[in-house]
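All remarks here apply to the structure that follows.
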Amino acid sequence: MTAAQAGNTARMAARPLSGGGTAQQIWAGAGLHLPALDLGECPEIVVVGAHPDDETLGFGAAAAILAESGVRVQIVSASDGGAAYPNSSLLQRFRLEQIRRAELYCATGVLGLSAPICLGMPDGEIARYEQRLADLLVEILATKPPGTWVAATWRGDG
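Heads up: the sequence shown is residues 146 to 303, going by the numbering used here.
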């Protein structure tokens, strides 16, 4: 399989992350007044990602620290990530979905988290199923204790 350009590839390639991110003084000078996050008020956090690994790569260290401090962390993966290589055959896509799901289960185990919830939505088409995704997330959140936090990756992903 070879990777094909899709979505944000050109835009992201024009601004590689090799510089270490935004400098602290820029964030400090932005005038953002965000409240401090008191983990004592967080009984559980649900971390939602479009694809397996979005949440564990993007939030894995924080999730592990939260879990170690006693906060229950629930990872939710909207898709199985099968569209990562758009020119793949159906069999290749199926195998990739199986691999990515297995990797997600492995990653959550390594991080000390509970088993993830995989929604199995079609990768690359989540926006078409926005209401279904919202309904599923409402069902998941209805089982959680009051005060549960939700963290999600970038809205345009997936």
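In this text, a Cβ means the ideal position worked out from N, Cα and C, and glycines have one as well.
Quick one: what does DSSP say residue i is sitting in, helix, strand or coil?
i       : result
Ala-195 : coil
Val-295 : strand
Pro-290 : coil
Gly-265 : strand
Val-283 : helix
Ala-208 : helix
Ala-228 : helix
Ala-223 : strand
Glu-186 : helix
Got a sec, what are the start and stop residues for the beta strand (DSSP E) residue i sits in?
i       : result
Arg-240 : Note, Arg-240: premise wrong, no beta strand (DSSP E); alpha helix (DSSP H) at 235-255.
Can you tell me the Cβ-Cβ gap for residue i and residue j, rounded? I've got them flagged as a contact below 8 Å.
i       : j       : result
Ala-209 : Leu-256 : 4 Å
Gly-269 : Ala-296 : Going by Cβ atoms, the distance from Gly-269 to Ala-296 rounds to 22 Å, so no, they are not a contact pair.
Ser-234 : His-196 : The pair is not a contact, with the Cβ atoms about 19 Å apart (cut-off 8 Å).
Glu-200 : Thr-298 : 7 Å
Do residue i and residue j have their CB atoms nearer than 8 Å?
i       : j       : result
Ile-335 : Ser-224 : It is not possible to answer for residue 335, since the shown part of the chain is limited to 146 through 303.
Leu-249 : Asp-198 : yes
Gly-265 : Leu-241 : no
By a C-beta neighbour count over all protein chains shown, 10 Å radius and 16 as the cutoff for buried, is residue i buried or exposed?
i       : result
Cys-251 : exposed
Gln-169 : exposed
Pro-261 : buried
Val-283 : exposed
Ile-220 : buried
Phe-204 : buried
Gly-194 : buried
Leu-179 : exposed
Arg-245 : buried
Thr-167 : exposed
Arg-277 : exposed
What residue range does the alpha helix (DSSP H) around residue i cover?
i       : result
Gly-174 : 169-174
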